[in-house]
Amino acid sequence: MSMFDGFKFRSVSSTIHKMDPRAKFIYVCVLFCVAVMFSQLIPLLILFIVQTPLIFIARVQKEWLRSMKGSAMFAIVIFLMNILSLYFYGSYESLSVIVERALALTLRFMVLIESFSVFFLTTSPDLLGLALEQSRVPYELCFAFTTAVRFVPVLAEEAQTIMDAQKARGLELEGGNFVKKIRNYIPILIPLIVNAIRRSLELAETMESRAWGATQNRTNLYVLKMGRKDLYLVLFSFAILAVSVYVITYIQIPNVTHLLRI
Amino acid sequence: MIKIEDVHFTYPNGVEALSGVNLEVQDGEFLAIMGQNGAGKTTLVKHINGLLKPIRGTVVVDDLETTKVSVATLARKVGFVFQNPDHQLFSETVEEEVSFALRNFGFNEAAVNERVNWALNLLDLAEYRKVSPFMLSGGERKRVALASVLAWDPKIVILDEPTIGQDNQQKERLRQFILQLNNLGKTVIIVTHDIEFVAECKPRVVLMSQGKIIAQGAAEKILTDPDLVSQASVVLPQITQLFVSLRNEGFPTEVIDVNEAAEILLERISDSR
Amino acid sequence: MPIIETKNLTYTYPIGTKPAFEDVTINVEKGEFIVLTGPSGCGKTTLCRCFNGLIPHFYSGKLEGEIAVSDLRVVEHQIHELAQHVGMVFQNPENQLFALSVEKDVAFGLENLGMSRKEMRERVDWALKTTGIFELKDRAPYELSGGQQQRVAIASVLAMQPKIIIFDEPTSFLDPMGAQKIFEVINRLNKEIGITIILVEHRLDLTSKYANRVIIMDKGRILLDGPPKEILSSEEARLIGVGIPKATRLYQILKDKGVNLGKIPLSAEEAAETLTEALTH
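First to last, the protein sequences are chains R, H and E.
Every position in the first sequence, counted from 1, becomes a number in our numbering once 774 is added.
Every position in the second sequence, counted from 1, becomes a number in our numbering once 2 is added.
Every position in the third sequence, counted from 1, becomes a number in our numbering once 14 is added.
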């Protein structure tokens, strides 16, 4: 679960937290494109390092470190798989070039994790929901999103209560073979699902009673306005995109191996 | 017998729920644990069947120390009926639901049948034997949950907020049912904030506030003490409120029962005539 | 003109074999505070859902008879239109809050109506102040106690400024002190703002003193309807089995034994007054 810690919103007061989610999202998308564009070590290393100051400005170092540690497992798998596939299926090059390639592709994975992680760590679900609304995503979807986030802790607590209730009737959740384990979770899943359905019915009643669907032009108590910092971020992102396109078209990026003459 | 000694408990989120609780419950007692929401009542009773283990102090149920045995072992002795029956019900028929715990505890088929029959009859559910529990009304589902917990005949029965959402008649039936369980020799512990219900049942009352027990004793003594009651953020029973207001007329204040109140008043009125 | 009018109203659920309630004919005048009670399954909760249109628009099934709320025939108007005249507060506070902050929840209904931001802001602040939770406006729902959550639900309904608010067992999950606070808020809405209140409750000891009318249902029919003191001290009420306030019960017992106190008490204060009088004369 530690990899997912890096994607849970952490409420802290920082510049990045206050920024418009739409600007941050554009930044993340650009980073995604650029990361996918390059498969050489040097540019990906630059991308990885460029993001680190943001993590410190956002004051989410601890969570980010946890997500890095958590994704280390995946990173190692990706590294080994790339080494093997490059060795067997790539054109033959020296071992050091293969290692560098594999390292670069692993780093690409880390860059993506890093950028999405910073996004989710610094964007509160309500701001995210608001951003979705203002980006003309259909209201039903935005509502489904924020309601889901709102009820996650409630459902988690309910799951715990259900487990307690069934344990108190002698249900053993630990031990036993795989099949038995799955069977043991039925007395947990069924009440959870049934209660979730009952809850949605009550929510629907409340929504209807508060004039849901009265008009297509739904208004909002809050409004997101892009500030100067957000505009700078967007411009900066497009600058990165432009530079990357230039580099990849006109510049031959050397391998570190060749530079170090291994 | 249940012995709770100097129990401290803090939830993972840092909330200190119990700060030094001492309680002894004898076999066959009828106990009501009362207090405001958040006082620690449910946290305390979850220590009795081992769902929660104390961070400091010990909980011993019939010579079993709760930190040393599994919840399933303790559950054999301690039946715990949760507040919301829908957190337990999952089977296709009432019969299966009631036999769930029995199978978990390893009863053989013949014993399961016998116990299920007994439990269904006790709770007036025989006619719903083959019915899906999800098709039943709220009150009936509560009875199914009760039946499924009583099926294995635990000697201690804990009911967590059994009166929530119940109408007057359902509460009266519950009160009589609890007396029946008590007469069968079971130790009954209810967690509740329903003053009038406790005033009618007259159990031994344990009053909690902010993770501590602030008083325990007979219902007539505890529920009629205005200072204790306000400390625990609970209210006085209506009859007691009346007699506290009439204190200056020379009436006793430790009255919680409406019939007793009527007698006292009738005496006084006929005296003054 | 009564603000709610029903005539021979009968409703059967789609999977029901017999009606949930039948032949209900009542008139509710503007500004009334009605406590609606009865044993579980008597039909009171179902009846309430007819007042704001959940029946027949959300729940299908068979609705017969006439019902008009605020001069609108319920069958002919959508729930979102009726919701501007009749608000409804439900039993479980948790399932009435969907937003991630209190004030966004209170604004929910107004957002649905497409109100301007300025007007919403005014109404939200007003509703929060009236229910006494203005300081909680930026908090998240899961941080609040049950009583606070229920007050948010009330504020959310109040913000839409309905003429009638229906409360369906709003204090089931609250402790007596929390329940008391909610009843005080409801009473304020009725006595200070003039909102017509229909309160479905079992806790008659805490609520009957605020009401001007008590309606008792049983097995789908209205059996008693009148002023609280009269209804709750009657033998019929006792036989139906509703939770008559102990003070009123005391009055009944004394009356049976030949001591008539004259004034029927609904609360400990009223009983103390009446008894002190009786003892000193």
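Note that CB positions come from ideal geometry on N, CA and C, so glycine has one too.
Everything numeric in this text was worked out from a predicted model, so none of it was measured.
Check	Outcome
Considering Cα atoms alone, identify which of R:826, R:898 and R:864 is closest to residue 886 (chain R).	R:826
Let's test the definition: count the other Cβ atoms within 10 Å of the Cβ of residue 85 (chain E) and tell me whether it reaches 16, buried, or not, exposed.	exposed
Can you give me, in chain order, the residues of the region 253-265 of chain E that have a beta carbon less than 7 angstroms from any beta carbon in chain H?	255, 256, 257, 259, 260, 261, 263 and 264
For the beta strand (DSSP E) containing residue 210 (chain H), list its first residue and its last residue.	206-211
Starting from residue 996 (chain R), trace the alpha helix (DSSP H) both ways and give me its first and last residue.	No alpha helix (DSSP H) contains residue 996 (chain R), which DSSP labels as neither H nor E.
Got a sec: which bits of the region 916-929 of chain R sit with their beta carbon under 9 angstroms from any beta carbon on chain E, in order along the chain?	917, 920, 921, 923, 924, 925, 927 and 928
What does residue 271 (chain E) reach in chain H if we use C-beta pairs closer than 8 angstroms?	264 and 268
Give every residue of the same chain whose Cβ lies closer than 7 angstroms to the Cβ of residue 60 (chain H), excluding the five residues on either side of it in the sequence, and list them in chain order.	7 and 67
By the 10 Å Cβ neighbour count, where 16 or more other Cβ atoms means buried, how is residue 295 (chain E) classified, buried or exposed?	exposed
Could you give the uninterrupted runs of the beta strand (DSSP E) lying entirely in the region 79-121 of chain E, keeping only those of 3 residues or more?	100-103
Can you have a look at residue 81 (chain E) and say buried or exposed, based on whether 16 or more other CB atoms are within 10 angstroms of its CB?	buried
Closest to residue 806 (chain R) by C-alpha separation, out of R:960, R:941, R:1018 and R:845, would be which residue?	R:1018
Would residue 83 (chain H) be called buried (16 or more neighbouring beta carbons within 10 Å of its own) or exposed?	buried
Report the partner residues of residue 238 (chain E) according to the DSSP bridge assignment.	E:230
Would you verify that the beta carbon of residue 938 (chain R) is, or is not, closer than 9 angstroms to some beta carbon of chain H?	yes
Identify each residue in the region 195-211 of chain H for which the Cβ-Cβ distance to at least one residue of chain E is less than 9 angstroms, and report them in chain order.	195, 196, 197, 198 and 201
Measure the C-alpha to C-alpha separation of residue 222 (chain H) and residue 286 (chain E) and round it to an integer number of angstroms.	20 angstroms
For chain R, find out if any of its Cβ atoms is closer than 9 angstroms to the Cβ of residue 33 (chain E); answer yes or no.	no
So does the region 971-985 of chain R actually touch the region 93-108 of chain E, counting three or more Cβ pairs closer than 8 angstroms?	yes
Less than 9 angstroms separating the beta-carbons of residue 166 (chain E) and residue 116 (chain E)?	yes
What residues of chain E sit near residue 794 (chain R), judged by a beta carbon separation below 7 angstroms?	The contacting residues do not exist; residue 794 (chain R) stays about 17 angstroms from chain E at best.
Near residue 1029 (chain R), which residues of its chain fall below 8 angstroms by C-beta distance, leaving aside the five closest residues on each side in sequence?	814, 815, 871 and 874
Step through the CB atoms of chain R and report whether any lies within less than 9 angstroms of the CB of residue 142 (chain E).	no
Can you check whether the C-beta of residue 1045 (chain R) is within less than 9 angstroms of a C-beta belonging to chain H?	Look at the range of chain R in this structure, 775 to 1036, and you will see that residue 1045 (chain R) is not part of it.
For the candidate residues E:252, E:50 and E:95, whose alpha-carbon lies nearest to that of residue 177 (chain E)?	E:95
Keeping to the same chain, check which residues put their C-beta closer than 6 angstroms to that of residue 292 (chain E); ignore five residues upstream and five downstream.	275
Mind listing, in chain order, the continuous alpha helix (DSSP H) runs of no fewer than 4 residues lying wholly within the region 122-162 of chain E?	131-144
Using a cut-off of 8 angstroms between C-beta atoms, extract the partners of residue 969 (chain R) located in chain E.	Ordered by position in chain E, no residue passes the 8 angstroms Cβ test against residue 969 (chain R), which lies about 11 angstroms from the chain.
How would you label residue 81 (chain H), buried or exposed, when you count the other beta carbons within 10 angstroms and need 16 or more for buried?	buried
Give me the Cβ distance between residue 206 (chain H) and residue 97 (chain H), rounded to the nearest whole Å; I'm assuming they're in contact under 8 angstroms.	Contact flag wrong, Cβ pair sits at about 36 angstroms.
Considering residue 21 (chain H), what are the terminal residues of the beta strand (DSSP E) in which it resides?	18-27
What does residue 233 (chain H) reach in chain E if we use C-beta pairs closer than 9 angstroms?	The premise fails here: residue 233 (chain H) is roughly 12 angstroms from chain E at the closest Cβ pair, so nothing lies under 9 angstroms.
Are any of the Cβ atoms in chain H nearer than 9 angstroms to that of residue 237 (chain E)?	no
Is there a Cβ from chain R that is less than 9 angstroms from the Cβ of residue 71 (chain H)?	no
Is there at least one Cβ from chain E nearer than 9 angstroms to residue 181 (chain H)'s Cβ?	no
Alpha carbons only, please: which of H:123, H:166 and H:165 is nearest the one belonging to residue 146 (chain H)?	H:123
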